[in-house]
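In our numbering, the protein residues as written are 261 to 587.
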Ligand code: SF4
């Protein structure tokens with residue numbers, strides 16, 4: 261719930277509603293009788309009709325690199341995974357927006373798992389506050405299971421709660437929502453949120469992209485890039501393209517030129533990601549040397565680019581591998 265919803269629900273004023281949201285979202289207090297700073301009458305009323313709703317993961321697996329993959333199961337029985345990526349400068353939570361996904365990208369295990377259901381804003385926010393060490397989280401990325409633009413109401417509400425001062429209070433510049441591109445959803449997201457947007461590209465060549473990202477047929481990435489390019493800049497908001505690099509598939513000079521043509525003159529950054537092989541697919545990631553060369557060429561042409569390291573591969577927590585252990 262937002263602060264306003266709690267105000268209406270509990271029949272209390274702004275300061276008491278903020279005491280409640282601060283206690284739940286920041287201090288992770290999961291017992292209404294322990295909520296400080298609210299009148300006894302309101303606490304008793306809330307105790308009768310509600311619970312704070314923080315729930316723990318059903319299981320977890322820790323990678324040798326410190327990454328932790330959590331499995332959550334909500335009240336409806338939907339299963340979804342969340343990845344905790346601790347670091348010295350930033351600690352990132354990679355959250356899911358859906359159980360499974362209906363976008364059907366063949367290179368992604370979540371796509372093969374199929375669509376099981378949308379996650380509520382409660383399920384999304386709980387992936388951050390329901391784990392141990394959650395107070396260490398500095399960044400949130402919607403790059404787990406699901407296509408956020410396919411569950412946009414709940415994603416926007418979760419972004420609001422994560423970024424609000426009365427909520428978890430992370431800067432919207434530290435929250436990134438990743439999408440394969442649903443045009444109307446992207447426009448609404450850009451207008452109604454200040455969070456960062458990442459478009460998962462796969463290839464700058466439309467016919468080729470359509471093979472790997474079926475959404476391309478209905479929502480052409482070139483049009484989406486134009487929308488992003490033309491959207492007025494918002495301070496601290498970053499627009500990026502996530503580019504999974506596959507050896508001899510989308511890492512040739514032709515692809516490099518295509519990327520340059522698509523992005524030149526924009527403020528869109530390119531994040532290059534190693535590919536993680538999925539069962540039944542013999543493709544391999546581009547070599548580290550090729551990735552460095554790609555990055556170098558992009559930067560030299562005036563496009564900001566970086567290489568993202570793989571984390572949590574040994575527990576199937578890396579990009580494209582979520583849902584590997586789910587039935
Ligand atoms: S890559 Fe993203 S959009 Fe495509 S199937 Fe996987 S989770 Fe869904």
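Cβ coordinates follow ideal geometry from the N, Cα and C atoms, glycine included.
Subject >> DSSP state of residue 419 mapped onto helix, strand, coil >> reply: Your numbering for residue 419 matches position 159 in the chain shown. Of the three classes helix, strand and coil, the one that applies to residue 419 here is helix, per DSSP.
Original post:
Per DSSP, residue 331 is paired with what?
Top reply: Residue 331 sits at position 71 when you count from the first residue of the chain shown. The beta-bridge partner set that DSSP reports for residue 331 consists of 319, 341.
Subject >> Alpha-carbon spacing of residue 550 relative to residue 328, whole angstroms >> reply: Locating residue 550 in the chain shown gives position 290, where the first residue counts as 1. Locating residue 328 in the chain shown gives position 68, where the first residue counts as 1. Linking residue 550 to residue 328 through their CA atoms gives a straight-line distance of about 29 Å.
**OP:** Measure the beta-carbon distance from residue 479 to residue 442 and round it to whole angstroms, keeping in mind my assumption that it falls under 8 Å.
**Re:** Your numbering for residue 479 matches position 219 in the chain shown. Your numbering for residue 442 matches position 182 in the chain shown. That belief holds up - the Cβ atoms of residue 479 and residue 442 are roughly 6 Å apart, short of 8 Å.
Original post:
In terms of residue numbering, what span does the beta strand (DSSP E) encompassing residue 565 cover?
Top reply: On the chain shown, position 305 is the one that residue 565 refers to. First-last of the beta strand (DSSP E) with residue 565: 565-567.
Original post:
In chain order, what residues place their C-beta within less than 5 Å of a heavy atom belonging to the ligand SF4?
Top reply: Neighbourhood of the ligand SF4, defined by CB distance below 5 Å to any of its heavy atoms: 361, 363, 365, 368, 370, 371, 407, 440, in chain order.
Original post:
Does DSSP put residue 401 in a helix, a strand or coil?
Top reply: Taking the chain shown and counting its residues from 1, one reaches residue 401 at position 141. In the three-state DSSP reduction, residue 401 falls in the strand class (E or B).
Subject >> For residue 584, the nearest candidate out of 410, 557, 303, 359 (CA to CA) >> reply: Along the chain shown, read from residue 1 onward, the residue named residue 584 stands at position 324. Of the candidates 410, 557, 303, 359, the one whose C-alpha sits nearest the C-alpha of residue 584 is 359.
Original post:
Where do the ends of the alpha helix (DSSP H) carrying residue 285 lie?
Top reply: Locating residue 285 in the chain shown gives position 25, where the first residue counts as 1. From DSSP, residue 285 is part of no alpha helix (DSSP H); its letter is neither H nor E.
Subject >> Top-ranked residue by Cα proximity to residue 444, from 420, 475, 427, 538 >> reply: To locate residue 444, count along the chain shown from 1; it is residue 184. When the alpha-carbon of residue 444 is set against those of 420, 475, 427, 538, the nearest one is in 475.
Original post:
Taking one C-beta from the segment 433-442 and one from the segment 288-302 each time, how about it: are there three or more such pairs within less than 8 Å?
Top reply: No: fewer than three Cβ pairs fall under 8 Å.
Original post:
How should residue 386 be labelled, buried or exposed, when 16 other C-beta atoms within 10 angstroms of its C-beta is the threshold for buried?
Top reply: One-based indexing of the chain shown puts residue 386 at position 126. With 16 or more other CB atoms across the displayed protein chains lying within 10 angstroms of its CB, residue 386 is buried.
**OP:** Measure the CB-CB distance between residue 543 and residue 507 and report whether it falls below 8 Å.
**Re:** For the purposes of this step, residue 543 is taken as residue 283 along the chain shown, with counting starting at 1. For the purposes of this step, residue 507 is taken as residue 247 along the chain shown, with counting starting at 1. Less than 8 Å divides the Cβ of residue 543 from the Cβ of residue 507.
Subject >> Cβ-Cβ separation, residue 376 to residue 338 (assumed contact under 8 Å), whole Å >> reply: Locating residue 338 in the chain shown gives position 78, where the first residue counts as 1. Locating residue 376 in the chain shown gives position 116, where the first residue counts as 1. With 8 Å as the limit, residue 338 and residue 376 qualify as a contact, their Cβ atoms being about 6 Å apart.
Original post:
Between which two residues does the beta strand (DSSP E) carrying residue 376 extend?
Top reply: Residue numbering aside, residue 376 sits at position 116 when the chain shown is read from its first letter. It spans 375-378 - the beta strand (DSSP E) in which residue 376 sits, taken as one unbroken run.
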